[in-house]
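Trainee: Just so we're aligned, residue 233 is where the sequence shown starts under the numbering used here, counting upward by one.
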Amino acid sequence: MTSLQDIIDPILQNKDIIAKQQNIGVLRVTGLDSRKFLQGQITCDINKLSHDHGLYGAICSIKGRIISSFYLVQESDDILMLMSKDLIEKTLLHLRKYAVFFKAELVDNQDTFVIHTRITSQRIEAVSKTLPEHFITTHNNETITLTLCHDPIEIQWLITNQGNTTVEAKNEGLAALTILAARPLITLEQSETILPQWLNMQSTGGISFTKGCYTGQEIVARMQYRGKSKKQLILVTWQGHSDTTLDITDGQGKTIGQVFAVANIEETYFAQIILNIEPNEMDKILLGNQEVTLLPLPYPLDIKK
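#1: Would you kindly work out how many angstroms separate the C-alpha atoms of residue 522 and residue 253, rounded to a whole number?
#2: Reducing DSSP to helix, strand and coil, say where residue 386 ends up.
#3: Determine the extent of the beta strand (DSSP E) in which residue 303 is found, giving its start and end residues.
#4: Going by other Cβ atoms of all chains shown within 10 Å of its Cβ, with 16 needed for buried, is residue 238 buried or exposed?
#5: Assign residue 424 to one of three DSSP states: helix, strand, or coil.
#6: Which residues in the same chain have their Cβ closer than 7 Å to the Cβ of residue 340, if we skip the five residues on either side of it in sequence?
#7: Could you pull out every unbroken alpha helix (DSSP H) segment of at least 4 residues lying fully inside the stretch 244 to 320, listed in chain order?
#8: Assuming the contact rule is C-beta atoms closer than 8 Å, residue 476 and residue 495 should be a hit. Round their C-beta distance to whole Å, please.
#9: Name, in chain order, the residues that DSSP records as bridge partners for residue 481.
#10: Below 7 Å CB to CB, which residues in the same chain sit around residue 481 once its five sequence neighbours on both sides are set aside?
#11: Can you tell me whether DSSP reads residue 529 as helix, strand or coil?
#12: Tell me whether residue 333 is buried or exposed, calling it buried when 16 or more other Cβ atoms sit within 10 Å of its Cβ.
#13: Span of the alpha helix (DSSP H) holding residue 453?
#14: Going by CA-CA distance only, name the one from 524, 505, 257 that's closest to residue 411.
#15: Alpha carbon to alpha carbon, what distance is there between residue 338 and residue 524?
Right under this line is the structure:
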């Protein structure tokens, strides 16, 4: 497995990156019952959300497929759900069916907040050894900072109000490195096609197996404990353009996965792949005729919660 540090150090060259996230929207959940309401709808444990710690999770259909995945941040007594912009409307329609039974209100805040990504080569050794679901959150100067990962690079989201000029974009062309956090937010096109485990959510605090019932919980738990699917998210890299609509195959030409998301910086490509087998069961990973290189994830897999 190639060292990720060896690949990204020449790209970063100790530069700081700040880039506006054009495709991320914010859904606000407010009201006395906001936590109680969400606890019955999301895969993660809302009791772990605090002023200082954010969460990663999903809303599932009754078939256990992800309707939308998100990050949660606490703002005063309200909860902000950060997700793909094209899923805000669908998520609102889904949640409003259940919110009527609670003292909770859902508000589309797409026009209220701006999200920027900040990436630095700084490594914080003490923090990088903590559990991967600890998404440290800080509140300072009207900016909420959510740290997605620390190792081998630090990736953060800066959440500010529209019109705030304290965050200034720089080196935006390098923002593709955000894909290396390996905690995807699915899009509308991917909605209701993916199980949470396929995105490694059992390993990042995205699924709680002790919190109790939520929509789709029975299917998600069965997949975890009966282990019927080996599908998992991996990171790979390669040089030069390739057709990412092609299947991922092994050295014998057998299909073993599909590209989930891809980003590039000039000729260096990074991709998240949903693999159908364990990585140690294959000799090669091919995208068409292009052999791709497996990269380490920024968290350990198969942490039981």
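Even glycine gets a Cβ: it sits at the ideal position worked out from N, Cα and C.
Mentor: In this structure, then:
#1: Spanning the two alpha carbons is a distance of roughly 30 Å.
#2: Reduced to three states, the DSSP call for residue 386 is strand.
#3: If you look at residue 303, you'll find it in the beta strand (DSSP E) that goes 298 to 307.
#4: Residue burial is scored here from C-beta neighbours: residue 238 has fewer than 16 other C-beta atoms within 10 angstroms and is therefore classed as exposed.
#5: In the structure shown, residue 424 adopts coil according to DSSP, grouped into three states.
#6: Cβ neighbours of residue 340 beyond the five flanking positions: 259, 320, 324.
#7: Correct list: 266 to 271.
#8: With a Cβ gap of about 10 Å, residue 476 and residue 495 do not count as contacting.
#9: Its beta-bridge partners are 487, 518.
#10: Closer than 7 Å at the Cβ level, and outside the excluded window around residue 481, lie 487, 488, 518.
#11: Three-state DSSP puts residue 529 in coil, outside helix and strand.
#12: Burial state of residue 333 is exposed, judged by a 10 Å Cβ sphere holding fewer than 16 other Cβ atoms.
#13: Unbroken alpha helix (DSSP H) run through residue 453: 449 to 458.
#14: The option with the nearest alpha carbon to residue 411 is 505.
#15: Cα to Cα, the separation comes out at about 43 Å.
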